[in-house]
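The next block holds one structure in the form of structure tokens; read it before the comments.
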Amino acid sequence: TLRLYRAMVFARAYDRKSMSLQRQGRLATYAPFEGQEAAQVGAAAALEPDDWLVATYRDAAAMWMQGYPLELLFAGRTGHESGGRPPDHVNVMPPSITVGGHMVHAVGLAWAERLRGSSRIAMTMFGDGATSEGDFHEAMNFAGVFGVGVVFFCQNNGWAISLPRSEQTASETIAEKAIAYGMPGVQVDGNDLFAVYQAAREAVDRARDGGGPTLIEAVTYRIGPHTTADDPGRYRESAEAEDWARRDPLERVRIFLSERDRWTEEWQADVESRTFDEVERAIAHAESLYPPDASHLFDAVFESPTAPLDRQRAELEALLGDED
Amino acid sequence: TLRLYRAMVFARAYDRKSMSLQRQGRLATYAPFEGQEAAQVGAAAALEPDDWLVATYRDAAAMWMQGYPLELLFAGRTGHESGGRPPDHVNVMPPSITVGGHMVHAVGLAWAERLRGSSRIAMTMFGDGATSEGDFHEAMNFAGVFGVGVVFFCQNNGWAISLPRSEQTASETIAEKAIAYGMPGVQVDGNDLFAVYQAAREAVDRARDGGGPTLIEAVTYRIGPHTTADDPGRYRESAEAEDWARRDPLERVRIFLSERDRWTEEWQADVESRTFDEVERAIAHAESLYPPDASHLFDAVFESPTAPLDRQRAELEALLGDED
Amino acid sequence: MAELTIAQALNAGLASALEEWEQALLMGEDIGRTGGVFRITDGLRDRFGPDRVIDTPVAESGIVGVGFGMAVAGMRPILEMQFMGFSYPAVDQIINHVSRIRHRSRHRFTAPLVIRIPYGGGIGAAEHHSESAEAIYAHTPGLKVVVPSRPHDAKGLLLAAVEDPDPVIFLEPIRLYRSVKEEVGEAPIRVAIGSAAVERQGSDVTLISYGAMMKESRLAAAAMAEEGIGVELIDLRTLVPLDVETIVRSVDKTGRAVVVTEAPRTAGFASEIVTVIQEHCLYALHAPIRRVTGWDTVFPLKRGESLYLPSVDRVVGAIRMTLEA
Amino acid sequence: MAELTIAQALNAGLASALEEWEQALLMGEDIGRTGGVFRITDGLRDRFGPDRVIDTPVAESGIVGVGFGMAVAGMRPILEMQFMGFSYPAVDQIINHVSRIRHRSRHRFTAPLVIRIPYGGGIGAAEHHSESAEAIYAHTPGLKVVVPSRPHDAKGLLLAAVEDPDPVIFLEPIRLYRSVKEEVGEAPIRVAIGSAAVERQGSDVTLISYGAMMKESRLAAAAMAEEGIGVELIDLRTLVPLDVETIVRSVDKTGRAVVVTEAPRTAGFASEIVTVIQEHCLYALHAPIRRVTGWDTVFPLKRGESLYLPSVDRVVGAIRMTLEA
Ligand SMILES: Cc1ncc(C[n+]2csc(CCOP(=O)(O)OP(=O)(O)O)c2C)c(N)n1
Ligand SMILES: Cc1ncc(C[n+]2csc(CCOP(=O)(O)OP(=O)(O)O)c2C)c(N)n1
Ligand SMILES: [Mg+2]
Ligand SMILES: [Mg+2]
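Those protein sequence lines, which keep their order, are chains D, U, H and X. Position one of the first sequence corresponds to residue 1401 (this note's numbering), numbered consecutively onward. Position one of the second sequence corresponds to residue 1401 (this note's numbering), numbered consecutively onward. Position one of the third sequence corresponds to residue 2 (this note's numbering), numbered consecutively onward. Position one of the fourth sequence corresponds to residue 2 (this note's numbering), numbered consecutively onward.
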């Protein structure tokens, strides 16, 4: 528990620090996940280190849990492609920016692992809004039909930008959509670390044991704006966010720990300040990355550049040459 | 009942006649619906004459019931676009050739009618295979969220070309997929004219009364090949088809009627022969349609042709001129 | 008359469309309560109500397909794709259904709808947010494709698009939403679909562009003017149907042409423009027609953007090469 | 060596791909039990089992998206879209994901998959079954696009595509599936992606085409030969990367060119070919390069097809005009 609480504290500090960095203009738009720490940490904690994670722009905490280095998360957010390349042993896809399109990928990843006799499974994270995309349906249907070991982890944070969950779909819960695909679906309190971990653990074990896919709906809330470019004041009452803030996922675990004398203010302050330092180092590293040049643009279109691309690259290099 | 039975007899005769016309090379590929007459006739019978019907390549019986002229059905099948233009008072879309893409259209049609204060509703017909497409999901979800008066009528005929229903989706029934969209879903014996009519009737009334959408799964069977280009022998046991042939939807009603002395062989023979005559007239009419010319190609791209299109049309006319 | 940005002109245009046609309605993601991520529909939901300014679930194919059905039933839906990269899930509905229902039904059913698509790079956005795939829509028979580069045209083309009896893809240059201001009339003005604008007369070389790239093109033309080189600058405004006459008249005069677009080069719309010119003006050409385009690479993130997007220098360089050839 | 049709050569190529790479697998609608609507995968399910020849639900976006995930995890999926008109629902997966994962992940993740797409008209099919939208894929950075017109190339390009470390759109000319026969080696031959074939030497005019339209082009070239006119016939075989050298070498020699495709004219791939030629060979050109293409109309049903598809007469006519100009 302490390990996971530590991760949540880290995530919260990282998230808040990122918000301020963005305001300083050091990051491009940032999508905060404050309020969703228990969901992301609890779910990722159920994975083996080499399992696949296919998540979104809002799932930095889960990606970090699964081994995605901080400086790479920042690299992407400072607008550098190298942020999309995790270390070789880390099986985490770059965060999906398109909504809905990535869940089918998780199905393919897990299916391939099974075909190759590996025990790796895949977890995909997505929001309540993503469940409206046709690709959610096709991913769930493929997983159901072929019994693929995928964990569909939905963070229902109440909103898809400005659209409330109630207008996203008419089903009572998102969990019950699982029925349409013949797979188990469970709804859990997404702000309860233990509940999330347990549900995720069961789903992960089932997937690994060949029991097929599971849909998990973690009910939580996006305390902050959709992104730093968004103004929630335009579409929701601040009271709602304040109400949810009282159900803070960190606070619940903190109380649990301190009741057992396993928590002190000093300890927490220490974790936070160390996080801030780590974040500083990470962002500094990201900002110090080589400035993209012609090869950065042209050398990753294909494994080896084609003749037409070489001609275009030469064109660009000539232009850059002219400039200095 | 007699009226509907007559329609079923007509449909059966039309379908068989079309098969033989195709073999004679007088029709392009044809998709037979033998075995699905009760489903199509029963469902369409629940509609008002000016309600919208958005159906598929296999739903000729339903389209005919809703006023789509026989000769136009044939026009399309002889490869002439004029088959796509029903009379002005008939609100039936040309048959959908793409699988899944047309259900969202029905949602828009019904929604527009509501916005304009009309009481028209829309019914869309599709197969078991179509439920796997993302557009099925998006259509159902929009209908559910906005409470649109649409009847989603699925003819689960057991097969999508060569894929059996069991491998199309892992849900137990197709009807239960309605839960995922917060709408009622019902499964009926698609070979039972009365059951289909009743279920369709309830759904149509609900839609008209502002009660929102319904999903109906009519369990039936495609007795013939997917199309005249298909060979079912490659993927299914003939025993299966024979078994279903014993549950012939026409026979069930015939027995019902003859028990009540409302059916005679002469009457049936008469209906059939009249159908054959009608079909002959219709196909003859279709075959006598003006041969497409340049204007046929160019005058329906936009309401009024653009300058570039006029240039291309002139090009084509010059070529045609050269030839004679 | 007020000075408006393109964003404001579009907002005004949408408002007057909703006033002028009772069948007009707006549908899209986050266009109501927030007024759209670019605030183009700001205030319209409060003014016209949720029945006419509809916030939809996150489902682009559904938005277009449902809008298509509404159009067939007599409405005039104005649909918004939040970014061009998110219009791809709707490509099937657009190509297989929206573009061809008139042909399929021999005029019985039509789709008088508008699909608004913010496009283009230069705002340091995340992946998929800087697409310029206009060629896909321009290549689809049955669609008209327009792309304004100035506030007045934005409003005028929008209203012409809503009035048009056929589907119109309405491309909005994100980068110019707030960077250009000009006087725009209060009245429901129209700018005819299919007519290009000769923005600047010149006899030495014809510079052809549209949308966001008009910015670089204008600066390049001005720079050349300082050197006494006369650039005839054409803003296409409409890609389909293409205003061939205006292009040909100019190139027949100048004998030289440069085409500027930000889309990837191969099979981009720039190739169509070049092809049309050589078909009509080959004998008048003194030099090869040059394309200044994006590269055949994935659109880069913020820090690489300046390497990808055609710059004023690139445009000027291409003009020089064309003149020297 | 056996005489095979393109359909048979593809079947043989798929079989040898499944033998050569254990990571190779086929996925698509009706490709298993029935061997595909065109029987291209006939017998492969029985031979390699349902784990490697997978019948999927009717969901094109799912087929490509799931196949993409498999490819990222090290498999080599060979996916079938039943007809090109049904590849549109997968366009989002192809453009937003398949084409750019290598760039997004700086080579860490790649998508070595092949998407087989039967395309083109001339078979009197129903709506949406005669599409020729290769330009959409050719315009997408990160995709290679190949299109054989002969049995040998069909097998050789297919195996090269499966071997290629990047995603390849493999277009199959439906109309030629069974109309051309030629000797095809049993061995797992390769035809290099990116190399065009000069099928016939000639010094008067260059005729460029690919896929199904090679049939009309060959007949036209033969007809001209009878009149003593030397047509240099080029079968592109690969659209991306384009074999510019071969095209330029020929046109520099002949000074005249005609491009034949069946796709709609505006922004079609023919425009790209014309543009590349004028960029490299303008001063060698004696006449405008002519496009013989489909019209900017919806592809017609059976009875109107002959009006739409370029005929031998149209190709011959265009060659004549080019020579007379
Ligand atoms: C295909 C697609 N459509 C639209 C968008 C724009 N968009 C970005 S986030 C978002 C809302 C997603 O909501 P949800 O799935 O609930 O995730 P959350 O942001 O709440 O975590 C939308 C519509 C997109 N990125 N991709
Ligand atoms: C988008 C799309 N994908 C694939 C096809 C090819 N296709 C035609 S019918 C069919 C099977 C449809 O099965 P189902 O929905 O059950 O309808 P049925 O034919 O059984 O009436 C397929 C895959 C198509 N027409 N459209
Ligand atoms: Mg959400
Ligand atoms: Mg079926």
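All residues carry an ideal CB built from backbone N, CA and C; glycine is no exception. Note that the structure is predicted; figures quoted are calculated from it, not measured.
Do residue i and ligand 1 come close, with the Cβ less than 7 angstroms from some heavy atom?
i	result
alanine 296 of chain X	Sequence check: residue 296 of chain X is tryptophan here, not alanine. Every heavy atom of ligand 1 is 7 angstroms or more from the Cβ of tryptophan 296 of chain X, so no.
proline 90 of chain H	yes
arginine 1622 of chain D	yes
valine 59 of chain H	yes
glutamate 1437 of chain D	no
glutamate 30 of chain H	yes
With C-beta atoms as the reference, is residue i less than 8 angstroms away from residue j?
i	j	result
isoleucine 1521 of chain U	alanine 1510 of chain U	yes
methionine 225 of chain H	isoleucine 320 of chain H	yes
aspartate 1592 of chain D	alanine 1438 of chain D	yes
proline 58 of chain X	methionine 85 of chain X	no
Using beta carbons (cut-off 8 angstroms, strictly below), is residue i in contact with chain U?
i	result
tyrosine 309 of chain X	yes
histidine 1537 of chain D	yes
alanine 1580 of chain D	yes
alanine 326 of chain X	no
alanine 1607 of chain D	no
serine 1532 of chain D	yes
serine 1496 of chain D	no
Do we get a CB-CB distance below 8 angstroms when we pair residue i with the residues of chain X?
i	result
threonine 276 of chain H	yes
arginine 1426 of chain U	no
threonine 1620 of chain U	no
threonine 1456 of chain D	no
glycine 1394 of chain D	Only positions 1401 to 1724 of chain D appear in this structure, which leaves residue 1394 of chain D out of reach.
threonine 267 of chain H	yes
histidine 1767 of chain U	The requested residue 1767 of chain U does not occur in the structure, where chain U is confined to residues 1401 to 1724.
glutamate 1680 of chain U	no
Distance cutoff 8 angstroms, beta carbons only. Does residue i sit that close to anything in chain H?
i	result
aspartate 1630 of chain U	no
tyrosine 89 of chain X	yes
isoleucine 290 of chain X	yes
Less than 7 angstroms separating the Cβ of residue i from some heavy atom of ligand 3?
i	result
alanine 1543 of chain D	no
glycine 1527 of chain D	yes
Heavy atom of ligand 2 less than 7 angstroms from the Cβ of residue i, yes or no?
i	result
threonine 1498 of chain U	yes
phenylalanine 39 of chain X	no
histidine 1626 of chain U	yes
phenylalanine 1536 of chain U	no
Cβ of residue i within 7 angstroms of any heavy atom in ligand 4?
i	result
asparagine 1557 of chain U	yes
isoleucine 1455 of chain D	Note that residue 1455 of chain D is alanine in the sequence shown, not isoleucine. The answer is no for alanine 1455 of chain D.
alanine 1560 of chain U	yes
Report yes or no: is there a C-beta of chain D within less than 8 angstroms of the C-beta of residue i?
i	result
proline 51 of chain X	no
phenylalanine 110 of chain X	yes
request  = Identify every run of the alpha helix (DSSP H) within the stretch 1503-1529 of chain D, keeping only runs that are complete inside it and at least 4 residues long; order them along the chain.
outcome  = When DSSP assignments are scanned along the stretch 1503-1529 of chain D, the uninterrupted stretches of alpha helix (DSSP H) that are 4 or more residues long and fall wholly within it turn out to be 1503-1515.
query = Do the stretch 1451-1462 of chain D and the stretch 1518-1534 of chain D make contact, defined as three or more Cβ pairs closer than 8 angstroms?
reply = Enough Cβ pairs lie closer than 8 angstroms, so yes.
task = Spell out a yes or no on whether the stretch 134-143 of chain X and the stretch 195-203 of chain X are touching, meaning 3 or more CB-CB pairs, one atom from each, closer than 8 angstroms.
result = When Cβ pairs closer than 8 angstroms are counted between the two stretches, the stretch 134-143 of chain X is seen not to touch the stretch 195-203 of chain X, the count staying below three.
ask   = Taking one C-beta from the stretch 155-163 of chain H and one from the stretch 8-25 of chain H each time, how about it: are there three or more such pairs within less than 8 angstroms?
value = Output reads yes: the stretch 8-25 of chain H touches the stretch 155-163 of chain H.
message = Just to confirm the assignment: which complete alpha helix (DSSP H) runs, minimum length 4, are found wholly within the stretch 1433-1469 of chain D?
response = The stretch 1433-1469 of chain D contains these whole alpha helix (DSSP H) runs: 1437-1445 and 1460-1465.
inquiry  = Pairs of beta-carbons, one from the stretch 82-102 of chain H and one from the stretch 47-56 of chain H, closer than 8 angstroms: are there three or more?
reply    = By the criterion of at least three beta-carbon pairs nearer than 8 angstroms, the stretch 82-102 of chain H is not in contact with the stretch 47-56 of chain H.
task = Can you check the stretch 14-64 of chain H for any alpha helix (DSSP H) of at least 4 residues that lies completely inside it and give the ranges in chain order?
result = You should have 45-49.
inquiry  = Report the start-end ranges of each beta strand (DSSP E) in the stretch 258-303 of chain H that is 3 residues or longer and not cut off at the edges.
reply    = Here the runs fully enclosed are 258-265 and 291-295.
task = Check whether the stretch 1597-1612 of chain U touches the stretch 1622-1634 of chain U, taking contact to mean three or more Cβ pairs, one atom from each stretch, closer than 8 angstroms.
result = No, the stretch 1597-1612 of chain U is not in contact with the stretch 1622-1634 of chain U.
inquiry  = Between the stretch 1554-1572 of chain U and the stretch 1569-1589 of chain D, can you find at least three pairs of beta-carbon atoms closer than 8 angstroms?
reply    = A contact is defined here as three or more CB-CB pairs under 8 angstroms, and the stretch 1569-1589 of chain D meets this definition with respect to the stretch 1554-1572 of chain U.
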